Each structure stands twice: as structure tokens, then as C-alpha cells.
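These notes are about the structure you will find just below.
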Amino acid sequence: MGIDRSEATRIARLCLPKLIANAYASDGNDEEVGGSIDFDVDSLSNQNVTSQSLCRLWAGMGHIYQLTIEVPSNQATKHSIIVKRVVPPSKKSRSMGDERKAASYLIEANFYESLAPQLISEHGLSIPTPY
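Residue numbers (my numbering): 50 to 180.
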């Protein structure tokens, strides 16, 4: 089970502006880091994004991938993100164990969507961001 290149590119387009902004912020000055902050994410194509499966999740319910994004610029800057993609079986074919695992993933997703943004803004924590 791999991640489709168009899906990887969609995720990269969502994440790239934040990655570039964070590169500027962590540098502490106004010099360009990792390409222009005004980079047009729509110019990112499937050829600019590669994926590698790092590991499989519980009972094969997905994978964790590393996406490498090459920003088309004169410096050919690369960024890397980790993606956890959960794909539980259809409800019709789930066992009791599958139901428990799927519920656990929903709780985790709810944490990242509801609580994580507040923890990031109030305490400056480095927590994954859902997309």
C-alpha cells in the first residue's frame, strides 16, 4: 500500500507554506531560507514530491510515510515531512479488534484537530498538525 503521488503532492501543497515560514522564523533574520516565502504552491508538481513508506500501522490499517518535497527554485531546496495515513477496513468487514483500533485513531485525530492547535499557540509546543 503506497501513497498516491497526487495525494502526496496535495499534502505537500498544504504543508509547504508552514515549512517555509518556520524556516524563516527559526533562522532569526530576514535572509531567505529554503526558498521564497512567496512561493506559489500551485507550481508544485508530482515530480517535486517523493514518498517512502517508513512503517506499517496496527493490523495494516495504514502507513507512516516520509515525503520529500523539492522546491523548484534556483537553490532546489528540499523539505521533509512525516505523514501518518490511517485507512481502516470498511465497517462491514471490521472485527471487534479493528473497531477498537479505528476508535483509537479517531481519538488521536480529534486530539490533533481540537487540542493540539491550542497547545501549540499557548505553549509553543512542537506537535504534529493534521491535514
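Quick reminder that beta carbons are idealized off the backbone N, C-alpha and C, glycines included.
Note that the structure is predicted; figures quoted are calculated from it, not measured.
C-alpha distance - residue i paired with residue j, whole-angstrom precision
| i | j | result |
| --- | --- | --- |
| Leu-155 | Pro-66 | 26 Å |
| Tyr-161 | Pro-121 | 30 Å |
Expected contact under 8 Å - CB spacing of residue i and residue j to nearest Å
| i | j | result |
| --- | --- | --- |
| Tyr-114 | Gln-96 | Not really, about 17 Å apart at Cβ, beyond 8 Å. |
| Leu-106 | Val-135 | 7 Å |
| Thr-117 | Lys-133 | That pair is no contact at about 16 Å. |
| Pro-137 | Ala-158 | No, Pro-137 and Ala-158 are not in contact; Cβ-Cβ is about 11 Å, not under 8 Å. |
Cβ-heavy atom distance, residue i to the ligand COA, below 7 Å
| i | result |
| --- | --- |
| Ser-122 | Inclusion of the ligand COA in the displayed structure is not the case, the ligand content being empty and no account of it being possible. |
N-terminal and C-terminal residue of the beta strand (DSSP E) that residue i is part of
| i | result |
| --- | --- |
| Ile-131 | 126-135 |
Extent of the continuous alpha helix (DSSP H) run through residue i
| i | result |
| --- | --- |
| Leu-106 | That residue, Leu-106, is in no alpha helix (DSSP H); it is neither H nor E in DSSP. |
| Pro-121 | No alpha helix (DSSP H) contains Pro-121, which DSSP labels as neither H nor E. |
| Glu-148 | 145-159 |
Among the options, nearest to residue i - alpha-carbon criterion
| i | options | result |
| --- | --- | --- |
| Asp-89 | Leu-63, Ile-169 and Ser-163 | Leu-63 |
| Ala-108 | Pro-177, Arg-149 and Glu-171 | Arg-149 |
| Arg-59 | Gly-173, Met-110, His-172 and Asp-91 | Asp-91 |
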